[in-house]
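What follows is a single structure, written as structure tokens, with notes after it.
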Amino acid sequence: MSVVGQGDHALRPGGDTVATLTPLRRQPVQQRSAKRVERMLEACAELVGELGYDGVTTTLIAERAGVAVGSLYQFFPDKRAVVQALTQRNLDRFMTEIARRLDAQAPAHWFDGADLVFDIYVQMYREVPGFSRIRFGDVVDLRLIDGERDNNTVIADGMATLLAERFGVPFDEIRMPVAVANEIADSILNLAFRRALFPEEQVIAEAKAVVREYLSGRTTGTGVAAAAG
């Protein structure tokens, strides 16, 4: 796997790929260099978790990774690029885990996979260093992953492409419902994690119920119901 994961080529609508913004100045060729870049990403994740994005500097990242600042600049032009690579790696992890659990659980219909997507996201939010602070990059730039599409669209298109391939449904039929469900989930999980007004587990359960209700109302069989009116 590339040190920046799926971010090298983000899924385009319909399954095509397109080169995304490349955070690395150059790809590490030797294994030693690749491990050094991985240490930089791990250090960045830890520091973002501790200090937030604004509190992190390239000097701090280099110190935590045990490398010279000059070594960091060989691969990354600035802090933003390091966080971009970290975000792309997190997205790769997210999509890979969705695919793995879909294969393991084999839900009957594409929309039955909504709960497992929630579970993966919540687990990453709680366990992956730095993820709770930057998630998929909106705190840095709404188009951090792909210069042409906002981060939520990249994620939703990736999920829709994955589901279309797994369940043999037309991408164009599920793209909008997946995008809407993603926005609903993002908003409600924001209530769970960032506002702390209600117990997290209750809000997460509510988010799952709302998304399930929305998708069940938009789907018939394996396809998508026509809009009313």
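Position 159 of the sequence shown, counted from 1, bears residue number 159 in the UniProt record's numbering, the numbering being contiguous throughout. Ideal placement from N, C-alpha and C gives every residue a C-beta, glycine not left out. Please read all numbers here as calculations on a predicted model, not as lab measurements.
> For Gln27, which three-state DSSP category applies?
Replying inline: coil
> Beta-carbon separation of Val37 and Ile134 under 8 angstroms?
Replying inline: no
>> By the DSSP assignment, the alpha helix (DSSP H) with Ile184 in it spans what residues?
In response: 171 to 190
> Sorted by chain position, which residues of the same chain lie with C-beta nearer than 7 angstroms to Val211's C-beta, five sequence neighbours on each side aside?
Replying inline: Ala114, Ala181, Ile184, Ala185
> For Glu127, which of Ala164, Leu215, Glu46, Phe76 has the nearest alpha-carbon?
Replying inline: Glu46
> Roughly how many angstroms lie between the CA atoms of Leu215 and Pro170, to the nearest whole one?
Replying inline: 16 angstroms
> Given a threshold of 16 other Cβ atoms within 10 Å of its Cβ, counted over all protein chains shown, does Asp54 qualify as buried or as exposed?
Replying inline: exposed
>> Quick check: the Cα distance between Asn151 and Asp138, rounded to an integer number of angstroms?
In response: 7 angstroms
> What separation, rounded to the nearest whole angstrom, lies between the Cα atoms of Met124 and Arg175?
Replying inline: 24 angstroms
>> Buried or exposed for Thr153, going by 16 or more other Cβ atoms inside 10 Å?
In response: buried
>> At a cut-off of 7 angstroms, would you count Ala196 as near the ligand MG, judging by its Cβ distance to the nearest heavy atom?
In response: Because no ligand of any kind appears in the structure shown, any question about the ligand MG cannot be addressed here.
> Where Arg218 and Pro177 are concerned, what is the direct C-alpha to C-alpha distance, given to the nearest angstrom?
Replying inline: 7 angstroms
>> Just verifying my parser: in three-state terms, what is the DSSP assignment at Leu142?
In response: coil
> How would you label Asp8, buried or exposed, when you count the other beta carbons within 10 angstroms and need 16 or more for buried?
Replying inline: Residue placement at Asp8 is flagged as unreliable, the pLDDT there being 41, under the threshold of 50; a coordinate-derived value is accordingly withheld.
>> Distance check for Cys44 and Leu86, CA to CA, integer angstroms please.
In response: 8 angstroms
> Going by the beta-carbon positions, is the gap between Ile145 and Gln74 smaller than 8 angstroms?
Replying inline: no
> If we ignore side chains and look at the alpha-carbon of each, how far apart do Arg194 and Val122 end up?
Replying inline: 13 angstroms
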